[in-house]
Every structure is written in structure tokens, then in C-alpha cells.
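Under this note's numbering, the first residue of the sequence shown carries the number 51, and numbering increases by one thereafter. Glycine included, C-beta positions come from ideal geometry on N, C-alpha and C. This report refers to the structure that appears directly beneath it.
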Amino acid sequence: MQNNKANWGISVVIPNYNGRLLLEQNLPFTYAALKAVKLPYQVIIADDASTDDSVAYITQNYPDVILIKGEENKGFSGNINRGIMAAGLDLVLLLNSDIKLTENYFLSQLPYFNHADTFGVMGLILDETDDKMQEACKYPVSSVFKINHIKNIRLDGDNAYTFYLSGANALVNRQKLLQLGGFNELFSPFYHEDLDLSLRAWESGFKCYYDDSAVCRHAVSVTIKKHSSKKKIKTISTRNKLLLHYFHLQGLRLYLWAFITFLSLLVRWISGKLYYYQAWWLYLKRLPQMRIYKRNFIQAAKSRQQYMPFITVKAIIKQALDKQFNINK
Numbered sequence: 051m052q053n054n055k056a057n058w059g060i061s062v063v064i065p066n067y068n069g070r071l072l073l074e075q076n077l078p079f080t081y082a083a084l085k086a087v088k089l090p091y092q093v094i095i096a097d098d099a100s101t102d103d104s105v106a107y108i109t110q111n112y113p114d115v116i117l118i119k120g121e122e123n124k125g126f127s128g129n130i131n132r133g134i135m136a137a138g139l140d141l142v143l144l145l146n147s148d149i150k151l152t153e154n155y156f157l158s159q160l161p162y163f164n165h166a167d168t169f170g171v172m173g174l175i176l177d178e179t180d181d182k183m184q185e186a187c188k189y190p191v192s193s194v195f196k197i198n199h200i201k202n203i204r205l206d207g208d209n210a211y212t213f214y215l216s217g218a219n220a221l222v223n224r225q226k227l228l229q230l231g232g233f234n235e236l237f238s239p240f241y242h243e244d245l246d247l248s249l250r251a252w253e254s255g256f257k258c259y260y261d262d263s264a265v266c267r268h269a270v271s272v273t274i275k276k277h278s279s280k281k282k283i284k285t286i287s288t289r290n291k292l293l294l295h296y297f298h299l300q301g302l303r304l305y306l307w308a309f310i311t312f313l314s315l316l317v318r319w320i321s322g323k324l325y326y327y328q329a330w331w332l333y334l335k336r337l338p339q340m341r342i343y344k345r346n347f348i349q350a351a352k353s354r355q356q357y358m359p360f361i362t363v364k365a366i367i368k369q370a371l372d373k374q375f376n377i378n379k
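Now the structure itself:
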């Protein structure tokens, strides 16, 4: 059993940028959940060069927190990777500062890690105001090219695969997380990095699960919208979708996707969506680095005889969920 190991416990890694109020509201719930599970734990807050009084608040009120103070703003991936590097226990909870954990949040998730191939598990995210579902099991919808075409569905049962783990509440195996190199910082400052990480885990032979009985609550996120314009958000999100598809598509599908995506440039011009051209330019600037990252990842996975192409991953997840929960029947 893994819980006999010396480092068996939970390291909570929380990325923070000007989130002093969120920390004040939600940290008590995090500690309550950690204490309920009766395992060693540590709380790590990676501060992304905040300009509010977040650092002072943490220092004064939570002296036990391991505070990683970034001197420059690196965005989500770069910032949370700093926290991941400081984690010392076998399980790492990647937790947004705007998430409220329920007291028994961890209890039903721990057994998943008795399986050697488990990468991680995520729980149900409910809206804090009305308890409506925000995020649940990520079910991959049939699509020839679109990687990020999913729908959230609630599944009441054990061992439900999920296409990816939300970066807001992912409990993951630290060793496997480090093996994958954490989040890909080419997606900085934000968006689609959690989908990429989970797909790399699947493609490396690991598994991601959804646990409906592990519940947390979330207010409508305002952090990105508060600090970035709508145009910037749309541009970065589009750039990262392009990077995501380039990385995970292979062979003929990759070439067909590139051709169709290139043709769409003309349509975007006619419809006046000029942000799309900036997104393409930003994508092309990062493409050489992503090409190297992709080659190294595939070589490493194949050297461990673990590599599984994306199209196979998607088919396995979809077929398993369809069979286990009678989806689309």
C-alpha cells in the first residue's frame, strides 16, 4: 500500500496573483480538508509577483505556509511550476485560490493512488452561489480535429476516466508530475495548460480519473478577466489552442488540421476577427520551441515503451465511459 511510504501525504500548491481576499476566504477550508484526512501535509503558495498585500497576509496569518515569492510575473504555468518544485510529499493538489474544499474532499480520492498507473484525480466543482455544476468529468465529444471539444458530465461511480484534470483542483502523483516536467510554460500566461498536461499523462501511459463524491465549490473566476483585456484573453486562448493541436495531433491528422486552420485565416479576415492573425503570429513565434518540446516528449515516452498517440487515448477514454456509464446509449 502506498500509504506506508515515508513521504505519503499531500502537498497543496496554490498559485496566487493579487488574490489576498481569496486566500483569506478559502484557505481555512483547505486546512480543514487536510486535517480531516489525517495525513502529513504542507501548503505551498507560489506568488506571481503580486502587487497587493498577499505576501504580507500569508506571512502574518499562515507562518507554516511555504511561500515561494516570484520576482517576475510568469503566468500560471511558470508560477505553479515553482510551487511544484517545492513539493515534498507524494501527492500534489494543484488548487486555485478561488476554490473552497469540502471537509471530506480527499477521502474518496486516495484509493485511486493504489494503482501504479494513476496520474491523478479531480472532484466535482459546484458553483458557490447555487450549487450548479461548473466542472465534472471531461467527456471527449466526437470530432475529427478539435482536441478541446468536451462536455462536462456528472458520473456517479468509481474509476471514471476523465479526458483531463481541471487545473483548479487536480490531485496528482508528484513523481509522475515531475517526470512530465510539470506544466508546459509555452502556454503562459494562461489557458489550456491543464488539458495539455493531462493529455501528456495519458500519452505516457498514465490514467486520469473523476470522482463525483469529492466536492468543492467555486465562485465565478475574475482573476484573468480582471487583469487582462478581452482582446488579450481571446488572442492568447486562440494561440494556445493552436499550440495544443500542433503538439498532440500526429501524422495525416496534423497535416489536415494545419491545412484547414490555414484556410480559416481568409474567413477570419472577411468576418473581421483580426485578433486571430495576432494569435497566429504568436503561435508561429513559439512553434520552434514547441516542436523541440514535442520531439523530446515523444522520444522520452517511447524510450519507456509508454507512448500512446492522442487518437488512441481519446478512443480509449470515450469507449470506457460509454460502456461503464451507458453514455450515448
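Take ASN154, set aside five residues on each side of it, and the residues of its chain with a beta-carbon closer than 7 angstroms to its own are ALA86, in chain order. For PRO190 against LYS364, the beta-carbon gap comes to about 5 angstroms, under 8 angstroms, which counts as contact. Counting C-beta pairs closer than 8 angstroms gives fewer than three between the stretch 284 to 298 and the stretch 204 to 212, which falls short of the contact rule.
Only exposed fits HIS199, as fewer than 16 other CB atoms lie within 10 angstroms of its CB. With respect to the 7 angstroms criterion, LEU215 and SER254 are not classified as neighbours on the basis of their beta carbons. According to DSSP, ALA264 shares a beta bridge with no other residue. Note that the C-beta distance between LYS281 and TYR333 is not below 7 angstroms. DSSP, reduced to helix, strand and coil, places GLY173 within a strand of the structure shown. Pairing PHE169 with ALA251 gives a Cβ-Cβ distance under 7 angstroms. If you draw a straight line from the Cα of ARG132 to the Cα of ILE320, it is about 43 angstroms long. In the structure shown, the three-state DSSP call for ASN68 is coil. Under the three-pair Cβ rule at 8 angstroms, the stretch 225 to 232 does not count as touching the stretch 102 to 120. Burial check for TYR241: the Cβ neighbour count within 10 Å reaches 16 or more, so the residue is buried. Here VAL142 is buried: its Cβ has 16 or more other Cβ atoms, across all protein chains shown, within 10 Å. Look at ASN76 here: in three-state DSSP terms it is helix.
Per DSSP, VAL317 is not a residue of any beta strand (DSSP E); the alpha helix (DSSP H) it occupies stretches across 301 to 321.
Going by C-alpha positions, ILE377 is about 10 angstroms away from ALA370. Around the CB of PHE256, 16 or more other CB atoms lie within 10 Å, so the residue is classed as buried.
Under the DSSP definition of a beta bridge, ALA166 lacks any partner. Considering only MET172, PRO65, GLU243, the residue with the shortest C-alpha distance to ALA264 is MET172. Between LEU145 and VAL63 the beta-carbon gap is near 7 angstroms, inside 8 angstroms, which marks them as a contact.
Annotation: GLY128 to TYR343 spans about 16 angstroms, alpha carbon to alpha carbon. Taken atom to atom, the span from the alpha-carbon of ALA83 to that of LEU151 is near 7 angstroms.
With distances taken between CA atoms, TRP331 lies nearest to PHE312 out of VAL317, THR212, PHE312, MET135.
Under DSSP, ASP97 shares a beta bridge with ASN66, LYS119.
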